[in-house]
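Chemist: If you scroll down you'll find the structure; I have some questions about it.
In full-length UniProt numbering, the protein residues as written are 1 to 175.
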């Protein structure tokens, strides 16, 4: 009777995930934030290159026969480390190696912190659309900021000041 080989042989196939081994995961978690950011930046750049090669292959498989390898995983950056990136001094020291996906995440966090898409601080300036105090005019009507870049908004401003539709900025360069 033949005995089978032991089953504890380590899998060394290229598709095997190496970062989820307990000793590797623990080591990666203990790395300082700048080292993690730099590694993730390099991983992100390599992933972008893989995506680009994959796109070229999809567009022209005859010219680009080699399939791009799969996308690599990032080193986890926990919420406490992400929070330290909100400190301008910390961010300034690592800004050259912050991956784009983290910049997007920081931008999303900033939108929820009171300074939103309108670019105003909802508490300090009272932007009604951001949930801050409502600014009201003399008739108790909420004041909504208008963009000054369009002729329509300029006409609305003139109408509000009693100058009427006849003096349209869009139609009259002398106004």
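All C-beta atoms, glycine included, are put in the ideal place defined by N, C-alpha and C.
Buried or exposed, going by whether 16 or more other CB atoms sit within 10 Å of the CB of residue 3?
Modeler: Its pLDDT being 44, under 50, residue 3 is placed unreliably by the model, and nothing is read from it.
Chemist: Mapping DSSP to helix, strand and coil, what is residue 86?
Modeler: coil
Chemist: Closest by CA to residue 48, which one among 107, 37, 101?
Modeler: 101
Chemist: Is the region 83-96 touching the region 48-68, taking contact as three or more C-beta pairs under 8 Å?
Modeler: no
Chemist: Between 76, 67, 72, 37, which lies nearest to residue 91 when the distance is taken from Cα to Cα?
Modeler: 37
Chemist: Hey, would you say the C-beta of residue 103 is under 8 Å away from at least one heavy atom of the ligand SAH?
Modeler: This structure lacks the ligand SAH; in fact it carries no ligand of any kind.
Chemist: Taking only beta-carbon atoms, is residue 30 less than 9 Å away from chain C?
Modeler: Absent from the structure: chain C. Only one protein chain is present.
Chemist: From what residue to what residue does the alpha helix (DSSP H) around residue 27 run?
Modeler: 22-30
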